[in-house]
DNA sequence: AGGCGTTTTCCTGTATACTATATATAAGTT
DNA sequence: AACTTATATATAGTATACAGGAAAACGCCT
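In structure tokens form, the structure reads like this:
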């Protein structure tokens with residue numbers, strides 16, 4: 001009797017974890033509005049758990065910059081300022097560019113195929129103006145590269161930055177353009193050829209261009 | 001009556017905060033050894049607080065990668081692997097280089113003077129072979145640049161990476177060399193001239209060189 | 001002695017209870 | 001009425017109590 005039970009991950013999802021992801025989701029998608037005061041008692045009963053896991057989650061969210069705690073006073077959701085994009089994208093671009101550089105030695109045909117496939121999905125999403133999917137797929141595309149770089153520190157830093165970008169994009173309904181498709185192709189090409197300079201440069205361009213596109217929404 | 005009492009920071013040092021910094025310190029300086037199992041009850045009484053703030057601190061430390069939590073099982077201090085330097089320094093160098101670039105528009109004479117002063121302190125520490133001070137001053141030197149860049153996201157990311165580097169250096173008693181003094185001078189010069197490329201390049205060199213020096217300790 | 005199952009202990013995760021401080025509300029004074 | 005001062009209420013921070021599960025200790029069998 002084989003019993004294929006895969007207990008490699010005996011994921012008993014701890015109350016703290018589920019509280020954390022739910023709260024983060026609510027903050028990113030705007031259910032919890034920027035500036036809103038958070039009362040742990042309320043959140044606790046809304047989530048059906050006690051205050052303890054809620055408070056633990058809030059502290060993690062603070063370390064990621066999603067909430068601000070005023071000790072002894074209150075906890076509130078941080079603001080979503082459009083100008084934050086100016087602070088957010090440069091380090092994101094730098095780390096993504098670095099990831100691409102570091103990914104080169106670990107490239108395999110599988111990875112390249114995966115990237116090309118993702119970019120096709122991406123192109124399709126752009127074509128059908130499925131903006132939400134496009135954002136999601138774009139993130140996955142870049143995640144492949146980050147994973148390939150295989151650097152846990154970078155992965156960590158980026159996941160935090162990405163979450164903030166996601167929130168900004170959510171609150172401002174940004175739209176990715178066709179230009180990204182071509183840039184992705186260039187990135188794949190540069191990766192194939194192991195051109196460190198080129199890949200780093202295009203990657204930065206790809207991300208920093210978002211600043212301009214973001215600004216144009218002001219109009 | 002002016003009463004200059006600055007109650008902008010009525011810092012009531014919360015038990016959680018003091019527990020956190022103490023635990024982090026213990027992990028960095030090796031009081032808590034890599035791989036060691038952490039028992040909240042013990043830690044709690046050692047710190048004179050209850051388990052709650054201890055557990056909260058441990059969770060923050062996990063998010064920073066200083067401990068690993070196996071839910072329901074145990075919490076242990078992460079290992080200090082020399083090879084981690086290979087993963088740690090590239091993003092650190094990239095972000096420090098970016099900081100320097102971004103600092104340029106915010107440079108003032110005060111900042112430049114401060115940098116030159118710090119570098120003199122640094123040179124003095126190197127000269128007297130006060131290795132510990134040299135490390136500390138070097139960190140302060142770079143912190144000035146990061147602060148000048150005035151980007152909260154970068155500051156955040158770097159503080160986490162710096163803590164890891166500090167731990168690595170502690171556990172391997174790394175020593176900074178005279179070469180850093182000259183590189184710091186070059187950095188200051190490039191900043192003065194607003195030479196983005198140069199400052200970025202030297203900054204990266206300055207940090208990545210540490211990888212080589214670190215490896216040479218193997219011998 | 002070594003392996004397997006059972007029992008016991010311990011520890012983590014979570015809920016609840018307690019405490020002190022901050023804010024809101026009401027009373028009092030000029 | 002405006003401004004203090006006092007009182008009440010609420011909420012954050014911390015401690016403790018409780019429950020389930022993991023690891024350790026023990027005993028049993030071969």
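Protein chains in written order, with the UniProt record's numbering: chain A, 1 to 219; chain B, 1 to 219. Each residue gets a CB set at the ideal place from its N, CA and C atoms; glycine is no exception.
Query raised in the report: Quick one, are the C-beta atoms of residue 148(A) and residue 107(A) less than 8 Å apart?
Result: Working through the first chain from its first residue, we reach residue 148(A) at position 148. Working through the first chain from its first residue, we reach residue 107(A) at position 107. Going by C-beta atoms, residue 148(A) is nearer than 8 Å to residue 107(A).
Query raised in the report: Do the region 46-61 of chain A and the region 20-28 of chain A meet, that is, are 3 or more Cβ pairs less than 8 Å apart?
Result: yes
Query raised in the report: Does any residue of chain B bring its CB to less than 8 Å from the CB of residue 222(A)?
Result: Since the first residue of chain A shown is 1 and the last is 219, residue 222(A) is not available in this structure.
Query raised in the report: By a C-beta neighbour count over all protein chains shown, 10 Å radius and 16 as the cutoff for buried, is residue 70(A) buried or exposed?
Result: By 1-based counting over the first chain, the position of residue 70(A) is 70. With fewer than 16 Cβ atoms within 10 Å of its Cβ, residue 70(A) is classed as exposed.
Query raised in the report: Which residues in the same chain as residue 104(B) place their Cβ atom closer than 8 Å to its Cβ, once the five residues preceding and following it in sequence are excluded?
Result: Within the second chain, residue 104(B) is the residue found at index 104, counting from 1. So the list reads 191, 194, 196, 199, once near-sequence residues are dropped.
Query raised in the report: When Cβ atoms are compared, which residues of the region 90-107 of chain A fall closer than 7 Å to chain B?
Result: 90, 91, 94, 95, 98, 102
**Report entry** chain A contacts from the region 141-169 of chain B (Cβ-Cβ distance under 8 Å)
**Finding:** 151, 152, 153, 154, 156, 157, 160, 161, 164
Requested in this report: Quick one: using the 10 Å Cβ neighbour count with 16 as the cut-off for buried, is residue 96(A) buried or exposed?
Outcome: For the purposes of this step, residue 96(A) is identified with residue 96 of the first chain, where counting begins at 1. By the neighbour-count rule (16 or more Cβ atoms within 10 Å), residue 96(A) is buried.
Query raised in the report: Quick one: what's got a C-beta closer than 7 Å to residue 115(A)'s C-beta in the same chain, skipping five residues either side?
Result: Counting from one through the first chain, the residue named residue 115(A) turns up at place 115. For residue 115(A), where only same-chain residues beyond five positions count, the Cβ hits under 7 Å are 141, 144, 188.
Query raised in the report: Between residue 71(B) and chain A, is there a C-beta pair that is closer than 8 Å?
Result: For the purposes of this step, residue 71(B) is identified with residue 71 of the second chain, where counting begins at 1. At least one chain A Cβ lies under 8 Å of residue 71(B).
Report task. Taking residue 171(B) and residue 67(B) to be in contact with their CB atoms under 8 Å, please state how far apart those CB atoms are, rounded to whole angstroms. Result -> Position 171 of the second chain, counted from the start, is the residue given in the question as residue 171(B). Position 67 of the second chain, counted from the start, is the residue given in the question as residue 67(B). With 8 Å as the limit, residue 171(B) and residue 67(B) do not qualify as a contact, their Cβ atoms being about 15 Å apart.
Query raised in the report: DSSP three-state call for residue 37(B): helix, strand or coil?
Result: Locating residue 37(B) in the second chain gives position 37, where the first residue counts as 1. In the structure shown, residue 37(B) sits in a strand (DSSP, three-state: E or B).
Requested in this report: For my contact list, residue 89(A) and residue 181(A) are in at a C-beta cut-off of 8 Å; report their separation, rounded to the angstrom.
Outcome: Taking the first residue of the first chain as position 1, residue 89(A) is located at position 89. Taking the first residue of the first chain as position 1, residue 181(A) is located at position 181. The pair is not a contact, with the Cβ atoms about 20 Å apart (cut-off 8 Å).
Report task. Could you tell me whether any Cβ in chain A is nearer than 8 Å to the Cβ of residue 8(B)? Result -> Numbered from 1 along the second chain, position 8 holds the residue referred to as residue 8(B). Annotation note: pLDDT 43 at residue 8(B) (below 50); position unreliable, coordinate value reported separately. Not closer than 8 Å to any Cβ of chain A, the Cβ of residue 8(B) fails to qualify, so no.
Query raised in the report: With a cut-off of 8 Å, does the C-beta of residue 182(B) fall near any C-beta of chain A?
Result: For the purposes of this step, residue 182(B) is identified with residue 182 of the second chain, where counting begins at 1. Closer than 8 Å: no.
**Report entry** Alpha-carbon spacing of residue 111(A) relative to residue 36(A), whole angstroms
**Finding:** Taking the first chain and counting its residues from 1, the one referred to as residue 111(A) is at position 111. Taking the first chain and counting its residues from 1, the one referred to as residue 36(A) is at position 36. Looking at the two C-alpha atoms, the distance is approximately 43 Å.
Query raised in the report: Thinking C-alpha only, which one of 56(A), 45(A), 214(A) is nearest residue 166(A)?
Result: Translated into the one-based positions of the first chain, residue 166(A) becomes position 166. Closest by alpha carbon: 214(A).
Query raised in the report: Going by beta carbon distance, what residues of the same chain come within less than 8 Å of residue 201(A), once the five residues before and after it are set aside?
Result: The residue you call residue 201(A) lines up with position 201 of the first chain. Cβ within range, chain order: 97.
**Report entry** Pairwise C-alpha distance: residue 206(A) and residue 33(B)
**Finding:** As a first step, residue 33(B) must be located in the second chain, where it is residue number 33. As a first step, residue 206(A) must be located in the first chain, where it is residue number 206. If I take the Cα positions, the gap works out to 43 Å.
Query raised in the report: If you draw a straight line from the C-alpha of residue 169(A) to the C-alpha of residue 83(A), how long is it?
Result: Counting from 1 along the first chain, the entry for residue 169(A) is found at position 169. Counting from 1 along the first chain, the entry for residue 83(A) is found at position 83. Each residue's alpha carbon lies about 12 Å from the other.
Query raised in the report: Which class does residue 128(A) belong to by DSSP, given the choice of helix, strand or coil?
Result: Residue mapping note: residue 128(A) aligns to position 128 of the first chain, counting from 1. Coil.
Query raised in the report: Apart from the five residues on each side of it in sequence, which residues of its chain come closer than 8 Å, Cβ to Cβ, to residue 38(B)?
Result: Residue mapping note: residue 38(B) aligns to position 38 of the second chain, counting from 1. Result list for residue 38(B): 32, 58, 67, 74, 75, 76, 77, in chain order.
Query raised in the report: Quick one: what does DSSP say residue 67(B) is sitting in, helix, strand or coil?
Result: As a position in the second chain, residue 67(B) is number 67, starting the count at 1. Three-state result, residue 67(B): strand.
Query raised in the report: How is the beta strand (DSSP E) around residue 226(A) delimited, first residue to last?
Result: Residue 226(A) lies beyond the range of chain A shown here (1 to 219); nothing can be said about it.
Requested in this report: Give the secondary structure of residue 180(B) by DSSP, where H, G and I count as helix, E and B as strand, and everything else as coil.
Outcome: Counting from 1 along the second chain, the entry for residue 180(B) is found at position 180. Correct three-state label for residue 180(B): helix.
Query raised in the report: The alpha helix (DSSP H) spanning residue 204(A) covers which residue range?
Result: Translated into the one-based positions of the first chain, residue 204(A) becomes position 204. Segment 196-216, the alpha helix (DSSP H) holding residue 204(A).
Query - Element boundaries [alpha helix (DSSP H), containing residue 158(A)] - result: Taking the first residue of the first chain as 1, we reach residue 158(A) at position 158. Looking at the DSSP string, the run of the alpha helix (DSSP H) that includes residue 158(A) is 152-172.
Requested in this report: Leaving aside the five residues before and after residue 184(B) along the sequence, list all residues of the same chain whose C-beta is less than 7 Å from its C-beta, in chain order.
Outcome: In the second chain, the residue the question calls residue 184(B) occupies position 184. 119, 122, 141, listed in sequence order.
Query raised in the report: Which residue's Cα is closest to the Cα of residue 85(B): 161(B), 178(B), 102(B)?
Result: Within the second chain, numbered from 1, the residue matching residue 85(B) stands at position 85. When only C-alpha atoms are compared, the closest one is 161(B).
Query raised in the report: If we count the other Cβ atoms within 10 Å of its Cβ and call it buried at 16 or more, is residue 138(A) buried or exposed?
Result: Taking the first residue of the first chain as 1, we reach residue 138(A) at position 138. Buried is the call here.
Query raised in the report: What residue range is occupied by the uninterrupted alpha helix (DSSP H) comprising residue 21(A)?
Result: Counting from 1 along the first chain, the entry for residue 21(A) is found at position 21. Its alpha helix (DSSP H) spans residues 15-29.
**Report entry** Nearest-angstrom Cα separation, counted from residue 174(B) out to residue 129(B)
**Finding:** Indexing the second chain from 1 puts residue 129(B) at position 129. Indexing the second chain from 1 puts residue 174(B) at position 174. Approximately 12 Å between the Cα atoms of the pair.
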